[in-house]
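Enquirer:
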Ligand code: IPT
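Residue numbers (the numbering used here): 10 to 970.
1) Taking its Cβ as the centre, do 16 or more other Cβ atoms sit within 10 Å of residue 666, making it buried, or is it exposed?
2) Give me, in chain order, the residues of the same chain whose beta-carbon lies closer than 7 Å to that of residue 881; leave out the 5 immediate sequence neighbours on both sides.
3) Put residue 401 into one of helix, strand or coil per three-state DSSP.
4) Around the C-beta of residue 274, are 16 or more other C-beta atoms found within 10 angstroms, so that it is buried, or is it exposed?
5) Using only the alpha-carbon positions, how far apart do residue 164 and residue 511 sit?
6) Compute the Euclidean distance between the alpha carbons of residue 669 and residue 446, then round it to the nearest angstrom.
7) Can you list the beta strand (DSSP E) stretches of 3 or more residues lying completely in the segment 688-750, in chain order?
8) Comparing C-alpha positions only, which one of 154, 123 and 249 sits nearest to residue 205?
9) Provide the residue(s) that pair with residue 270 in DSSP beta bridges, ordered along the chain.
10) Just to confirm, are residue 489 and residue 465 a CB contact at a threshold of 7 Å?
11) Once the 5 residues before and after residue 830 are set aside, which same chain residues still bring their CB inside 7 Å of it?
12) Any heavy atom of the ligand IPT inside 6 Å of the beta-carbon of residue 943?
13) Check each candidate in 934, 296 and 369 and name the one with the smallest Cα separation from residue 492.
14) Short check: CB of residue 211 to CB of residue 77, under 7 Å?
15) CB of residue 595 to nearest heavy atom of the ligand IPT: below 6 Å?
16) Could you tell me the alpha carbon to alpha carbon distance between residue 599 and residue 293, rounded to whole angstroms?
17) Do residue 740 and residue 748 have their C-beta atoms within less than 7 Å of each other?
18) My understanding is that residue 842 touches residue 576, with C-beta atoms under 8 Å, so please give their C-beta distance in whole angstroms.
19) Once DSSP output is grouped into helix, strand and coil, what is the label at residue 909?
20) From residue 336 to residue 214, what does the alpha carbon distance come to, in whole angstroms?
21) By alpha-carbon positions, which one of 817, 321 and 808 ends up nearest to residue 957?
22) Throw me the rounded Cβ distance for the residue 596 and residue 614 pair, which I believe falls under 8 Å.
23) Return the chain-ordered list of same chain residues with a C-beta closer than 7 Å to the C-beta of residue 312, the five sequence neighbours on each side being excluded.
24) Suppose only complete runs of 3+ residues qualify. What are the beta strand (DSSP E) ranges in the segment 147-177, listed by chain order?
25) Work out the CA separation of residue 39 and residue 356 for me, nearest whole Å.
26) Considering only the beta carbon of each residue, do residue 784 and residue 754 sit closer than 7 Å?
27) Under DSSP, the alpha helix (DSSP H) around residue 435 begins and ends at which residues?
28) Quick check: the Cα distance between residue 499 and residue 509, rounded to an integer number of angstroms?
29) Of the choices 83, 65, 154 and 94, whose alpha-carbon is the least far from that of residue 556?
30) Based on the DSSP output, what are the partners of residue 927 in its beta bridges?
31) Just grab the DSSP bridge partners of residue 801 for me.
32) Can you give me the C-alpha to C-alpha distance between residue 276 and residue 127, rounded to a whole angstrom?
33) In terms of residue numbering, what span does the alpha helix (DSSP H) encompassing residue 584 cover?
34) In terms of residues, what are the limits of the beta strand (DSSP E) holding residue 48?
35) Quick one: is residue 970 buried, meaning 16 or more other Cβ sit within 10 Å of its Cβ, or exposed?
36) With three or more beta-carbon pairs closer than 8 Å as the criterion, would you say the segment 217-228 touches the segment 49-68?
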């Protein structure tokens, strides 16, 4: 037996105090964060003499607290999604158990007039055995849960105190903490010494309901000692325990997070109160806040920082919340553990609906026995019951005073079992004011909302209508139908995507039973690291020498690891817009999708543009539109020229706490149709040395391939069906396509020219060929028809599929390589960002420009990216050269400094090296994105079926006429 006994207990925690509410008070406290002495070992069974006061730490290093040791030079991070990275034999753990010994000293400030002293650890991963002055205080467990020790009898005043903590990476509790994230250990949240004056408040609970019928707030504050409650703005001054109805309060909501500041004062302590009056209820299968059906437009958020792991600074927490608010996200699920208490304070203040989730996941039992009894699963085994209930208690007790928390969640992915029932029972008894959530309880026996993850849009629709398949038990089925529905995870944002968000949102908005959804997830969890030659990248599973890992499945965020929004977040912002603007040539309809507030805080602007030139711009007044209402107003735009675009934008009229005045929330557009440009025609075909020349186009006479446009050399010209596979295409996806694509040989196209026919009279060259794939009879017959004027050449492509195609195409288009100096791109069409057939909500019509570098999206695992949709004209310039391409009427365009093949082969963005050419794709289309890396494929309407393609582009050399 080499592991100390506490590491294999079903409840390793010992000696800690009962959980209580987070509080900000005037009682003295001392942060024990900072540089601690530190010693690292690979095993857990070392002597514990280091805890004695006279132990000499010579030879030890130091480590910051809070921090993970793996990110500070000891051991290495490791990523697995579900799998426990060691043999599954609960409650046993491996002998190889990285262990960190921490030591520091502290003195109690001389002026502390306190009766008792506590030591609080806000988070130690996974357990910490604590000594003070050589005396054992106990063991913390529950990595993302607070632990307090009473040290009154051990601490020495006027002397130096020696605090020693032994932290182990693995413990029996690891079986309860199998969240999909990095394995990172250490004292990673704050450590604080708390002075407790005589008469201090042990625990407090602010009950602040809102009666939406009368407009009254109902206030009652529970405490364990006599105390007074004051809220000056409301003239409240009552005793704790007393209930008061206060007329005319302004309720709290995520839309209008109104907090009344006040105080709770006992003889020994004053606690700062920030009271938000609000009532959560479930009625008629709706999730309601303050009596109103409330729709959560949410995301899942982990604590993650690319440099510090789950050590998240206040600045980063604020950044995350502002990022969410600025992208129209109004709700967050704290997957899959409670964040630091400060995060919830910020949610209270800035306004987000929060599903606060317990630190619990036993997902690693699924791969062992997926569909059956999950043998040994702690959700069922009675020996774990106390540990599970303990975790729930610590979640609820710490966070019960946050108005932003509108639901408790029992945890994530633990299968089902009575221990979850015990957690739910405890929480329901303790806090009947908040509904309970847990996704795996499909019967909803234990919970108040029906929750699922990664359902299709179609299934969501069925559930929204209340027409889902009955649950086998008729009573449970009836109860479930009376419950609201939460889609606690959807739209898996791994790599390029997600697609299909708009279609989900349409369903959410339609059915009152739907309480909302939470996209998976806010951030990529890449950890910043470097190549051998010092170039930075965001490392994922396998980049740190792990024995077992799940590669880039840890990079599945709407934002990149450093917090930069990825295209998915911009798409989500457009889809989650709280107002929808429908614009026509002469009217505007504003639909308010807020549940609680009107549109008085918004300023509306109407802009008219033609080919990138602004024709007019004016603010218009729109009387406030009430929640869930819509109004139409006439738009007086005189003489709209062909091709002109009207953009109506709704922005913050004044500064908000989460964004400055002018921050745009939503926009809508209308385009006055214009005729597509005519094909270039009229120039003769001229034969030169092995070339056919028509206008500026030069074709190889034998193969019919384009080899030049005027002086510009062209290489690599031909039809193209391949894209660098996106995560949603890959073998682990729920709708894998990569294997079949490669089996057909789409990544190795062979082009054969069957005929090059010149019609001199018509000035036309017709190149007929066969686009085939080695080993396959699937193919395309491709006809390229060239015509030209003096300065422009039009290519029309007509392609007919051959054979029994059984899968959609990655793309269908044309690719060519141009000199690398052409590195500046301007285009008319949708922009400024990338867009695909099922993610087009964030892009708008306009004239845009970017460098080739700026057009690349650096997905942590390189894959297809950067497609610009609906491009009518693209102009490439640089090195004194220029090329303009016009679509008839539009194409999808991609411009890259490397090939698709190089992109496909890269494991990290640092593998991509410019090859000296500018690669241009001009496509009829690309397959949609979907979110099949964990969820449904692209909707049928977004799939690129292998049908007939017929489209055209015109190449022109500007400055030649
Ligand atoms: C789901 C998990 O709940 C979440 O933590 C994350 O791992 C996500 O998958 C994928 O990134 S569970 C899955 C089996 C549906």
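Just so you know, even glycine gets a beta-carbon here, dropped at the ideal spot from N, CA and C.
Expert: Walking through what the data contain:
1) Answer is exposed; the Cβ neighbour count stays below 16.
2) If we look at residue 881 and ignore the five residues flanking it on each side, its Cβ neighbours are 837, 838, 895, 896, 898 and 899.
3) It is helical.
4) By the neighbour-count criterion, in which 16 or more other beta carbons inside 10 Å mark a residue as buried, residue 274 falls on the buried side.
5) The straight-line gap from Cα to Cα measures roughly 59 Å.
6) Taking the straight line joining both Cα atoms gives about 35 Å.
7) Listed in chain order, the complete beta strand (DSSP E) runs (minimum 3 residues) inside the segment 688-750 are 694-697, 700-703, 706-709, 715-718 and 724-729.
8) With distances taken between Cα atoms, residue 205 lies closest to 123.
9) BP columns for residue 270 point to 283.
10) For the 7 Å CB-CB criterion, residue 489 and residue 465 do not form a contact.
11) Short of 7 Å from the beta carbon of residue 830, and not among the five residues preceding or following it, lie these beta carbons of its own chain, in chain order: 887, 888 and 890.
12) Here the distance from the Cβ of residue 943 to the nearest heavy atom of the ligand IPT is below 6 Å.
13) Checked all of 934, 296 and 369; the closest Cα to residue 492 is 296.
14) Going by C-beta atoms, residue 211 is not nearer than 7 Å to residue 77.
15) It does not: the Cβ of residue 595 is nowhere closer than 6 Å to a heavy atom of the ligand IPT.
16) Here the alpha carbons of residue 293 and residue 599 stand approximately 28 Å from one another.
17) Yes, the pair counts as a contact, with Cβ atoms nearer than the cut-off.
18) Indeed they touch by this definition, with Cβ atoms about 5 Å apart.
19) Looking at residue 909 - three-state DSSP - the assignment turns out to be helix.
20) In a straight line, the C-alpha of residue 336 is about 33 Å away from that of residue 214.
21) Considering only 817, 321 and 808, the residue with the shortest C-alpha distance to residue 957 is 808.
22) That belief does not hold up - the Cβ atoms of residue 596 and residue 614 are roughly 16 Å apart, past 8 Å.
23) Sequence-distant partners of residue 312 (beyond 5 residues in either direction) whose C-beta falls short of 7 Å from its own C-beta, in its chain, are 319, 321 and 348.
24) Complete beta strand (DSSP E) runs here, min 3: 156-159 and 170-177.
25) Roughly 25 Å separates the two Cα atoms.
26) Annotated as proximal: residue 784 and residue 754, with beta-carbon spacing under 7 Å.
27) Element bounds for residue 435: 427-439.
28) Taking the straight line from one Cα to the other gives about 10 Å.
29) Selection 83, 65, 154 and 94 evaluated against residue 556 yields 94 as nearest (Cα-Cα).
30) Looking at the DSSP assignment, residue 927 forms a beta bridge with 827.
31) Beta-bridge pairing links residue 801 to 965.
32) Rounded to whole angstroms, the gap between the alpha carbons of residue 276 and residue 127 is 19 Å.
33) Its alpha helix (DSSP H) spans residues 576-584.
34) Its beta strand (DSSP E) spans residues 43-52.
35) Residue confidence for residue 970 is low, a pLDDT of 43 falling below 50, so the modelled location carries little weight; the figure read from the coordinates is stated next. With fewer than 16 Cβ atoms within 10 Å of its Cβ, residue 970 is classed as exposed.
36) For the pair of segments examined, the segment 217-228 was found not to touch the segment 49-68: the number of CB pairs separated by less than 8 Å stays below three.
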